[in-house]
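Data first, discussion second: the structure below is written as structure tokens.
Residue numbers (my numbering): 1356 to 1827.
Structure (structure tokens):
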């Protein structure tokens, strides 16, 4: 009845079309999501076999992709005709992962959009089977994979609580690799969203780091140490050059000297991405070039999208900056590739890349109107870090024009407030030292409101939250 006895190891294209047609007939015009409202299958004992075979073909990779697709379509057809079953969420999720992996280079394709529908269906059907599956090992793996598949459709700030919850459940269920992958992803979401760099967040980073050391999760531990060093450099709690990693949380040279092979390569990538962002924020041209040279050979695809976003965003901005300054065509080409990738993500419905694309356009055009649009896009998205950077970049650009000095000062004052609210105290101190019109009394003055709305505008009512608001 289910056809498990006549499955071909390598189904032909005709066989796939035939199976797809059978599914379309079984659906009877109903949308895929309607499966969530279907009754339960009376006898689902044989569906475990389908799940195991599909999982095996999924793990085997591209060579068995046709068989994996055939099994997925057949399992959906059975669900439409016989009812839903406990294995269906995993089957849908595996198929969604396969669709996204095969089409990583084109995130706006119809197949990637279809993967979002399968992920949503998997979540809804899973709710039909309550009990231990929601809290056990498999549930932790399921939730982490599902969160990763819908990464482009949710703002980073909305994912943080979910990833922390997965971290806690995974540790309690004995799957530390999933737990620390979730913790690391949540940390990158915090940085990408431009959320405040509070002492509470620093304490959470330290707790993650210590727990990773206790559970011998060395790879995740290095990323978490780099995250904490990045945090310390920004908030002004690290001595020396803010773009270097030689502090209490992580010493780059010592850490890399102990690693070799792929472990060293991955650690170098993550450390370099953090340092590149610091170099861009503090305008350290030499470090920017060094980090670009390190990162330019790494593939742009990253299964952990918040981490990939963190790296590609500042790689693109730095390449544009140095490319125009030093006339480096190679860097400008790399920036163009990243910009095109973000454009495809925008077409695919990503809510996180839209403001970054506006930032790319502003840096490329060097026009005040474009900077205003970028600031507004970042403000609407709540990315206070990017809004601060765009305000500063616009102010620096206008400061070079003698007839625009007043406007430049207004943008720089805005960037001062935004960096302060973000918690980047080291950057605030640098701005005060660099510009005479910024001093200790600036925080008591209300910024002008003639340019763009800010994510912080509501708080600009004659007073601005100082460092104490972030627990310092």
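Ideal Cβ positions, reconstructed from N, Cα and C, are used throughout, including at glycine.
Neighbourhood of residue i by C-beta distance below 7 Å, restricted to the same chain and skipping five residues each side
i: residue 1374; result: 1425, 1428, 1429
i: residue 1638; result: none
i: residue 1828; result: As displayed, the chain neither begins before 1356 nor continues past 1827, which places residue 1828 out of reach and without an answer.
i: residue 1491; result: 1528
i: residue 1610; result: 1577, 1622
i: residue 1366; result: 1421, 1422, 1425
i: residue 1829; result: A query on residue 1829 cannot be resolved here, the shown segment of the chain reaching from 1356 to 1827 and no further.
i: residue 1653; result: 1624
i: residue 1745; result: 1714, 1717, 1726, 1729, 1730, 1733
Under the three-state DSSP convention, the category residue i falls into
i: residue 1676; result: helix
i: residue 1670; result: helix
i: residue 1496; result: helix
i: residue 1614; result: coil
i: residue 1532; result: helix
i: residue 1592; result: coil
i: residue 1606; result: strand
i: residue 1601; result: strand
i: residue 1785; result: helix
i: residue 1390; result: helix
i: residue 1689; result: helix
i: residue 1552; result: coil
i: residue 1372; result: helix
i: residue 1426; result: helix
i: residue 1395; result: strand
i: residue 1409; result: helix
i: residue 1770; result: helix
i: residue 1663; result: helix
i: residue 1509; result: coil
i: residue 1385; result: coil
i: residue 1652; result: coil
i: residue 1778; result: coil
i: residue 1764; result: helix
i: residue 1683; result: coil
i: residue 1645; result: helix
i: residue 1813; result: Only weak support is given to the placement of residue 1813: the predicted model assigns it a pLDDT of 34, under 50, and the value that follows is read from those uncertain coordinates. Residue state, collapsed to three classes: helix.
i: residue 1367; result: coil
i: residue 1627; result: helix
i: residue 1657; result: coil
i: residue 1543; result: helix
i: residue 1484; result: coil
i: residue 1755; result: coil
i: residue 1362; result: coil
8 Å CB neighbourhood of residue i in its chain, flanking five on each side removed
i: residue 1507; result: 1462, 1660, 1700, 1703, 1704, 1705, 1706, 1707, 1708
i: residue 1403; result: 1442
i: residue 1521; result: 1495, 1498, 1499, 1502, 1533, 1534, 1537
i: residue 1510; result: 1548, 1706, 1707, 1736, 1737
Expected contact under 8 Å - CB spacing of residue i and residue j to nearest Å
i: residue 1439; j: residue 1483; result: 6 Å
i: residue 1718; j: residue 1672; result: 6 Å
i: residue 1694; j: residue 1712; result: 7 Å
i: residue 1464; j: residue 1451; result: 13 Å between Cβ atoms; not a contact.
i: residue 1515; j: residue 1544; result: 5 Å
i: residue 1455; j: residue 1387; result: Going by Cβ atoms, the distance from residue 1455 to residue 1387 rounds to 16 Å, so no, they are not a contact pair.
i: residue 1437; j: residue 1396; result: 5 Å
i: residue 1614; j: residue 1604; result: Incorrect: roughly 17 Å between the Cβ atoms, too far for contact.
i: residue 1448; j: residue 1501; result: 6 Å
i: residue 1371; j: residue 1434; result: Rounded, the Cβ-Cβ distance is 18 Å, inconsistent with contact.
i: residue 1597; j: residue 1633; result: 6 Å
i: residue 1743; j: residue 1753; result: Going by Cβ atoms, the distance from residue 1743 to residue 1753 rounds to 16 Å, so no, they are not a contact pair.
Cutoff 6 Å; reference residue i; Cβ partners in own chain excluding five residues on either side
i: residue 1664; result: 1547
i: residue 1518; result: 1537, 1540, 1541
i: residue 1725; result: 1716, 1717
i: residue 1419; result: 1412
i: residue 1649; result: 1627
i: residue 1686; result: 1674, 1677, 1678
i: residue 1774; result: 1743, 1782, 1783
Chain D contact for residue i (CB, 8 Å cutoff)
i: residue 1666; result: Absent from the structure is chain D; it holds one protein chain and no more.
Segment contact flag, the region 1572-1584 with the region 1619-1630, C-beta cutoff 8 Å, min 3 pairs: Verdict: yes, contact present.
Fully enclosed by the region 1554-1583, which beta strand (DSSP E) runs are 3 residues long or longer? Counting only runs of at least 3 residues, the region 1554-1583 fully encloses no beta strand (DSSP E) element at all.
Segments assigned alpha helix (DSSP H), at least 4 residues, entirely inside the region 1695-1752: Entirely contained in the region 1695-1752, the alpha helix (DSSP H) runs reaching 4 residues are, in chain order, 1708-1720, 1723-1736.
Just checking, does the region 1752-1762 make contact with the region 1729-1743 on the three C-beta pairs under 8 Å criterion? The region 1752-1762 is not in contact with the region 1729-1743.
With three or more beta-carbon pairs closer than 8 Å as the criterion, would you say the region 1775-1786 touches the region 1585-1593? Output reads yes: the region 1585-1593 touches the region 1775-1786.
Would you check if there are 3 or more beta carbon pairs closer than 8 Å linking the region 1524-1531 to the region 1471-1481? With the cut-off at 8 Å, the region 1524-1531 and the region 1471-1481 do not touch.
Could you tell me which uninterrupted beta strand (DSSP E) segments, each at least 3 residues in length, are contained entirely in the region 1429-1482, listed from first to last along the chain? Runs found: none.
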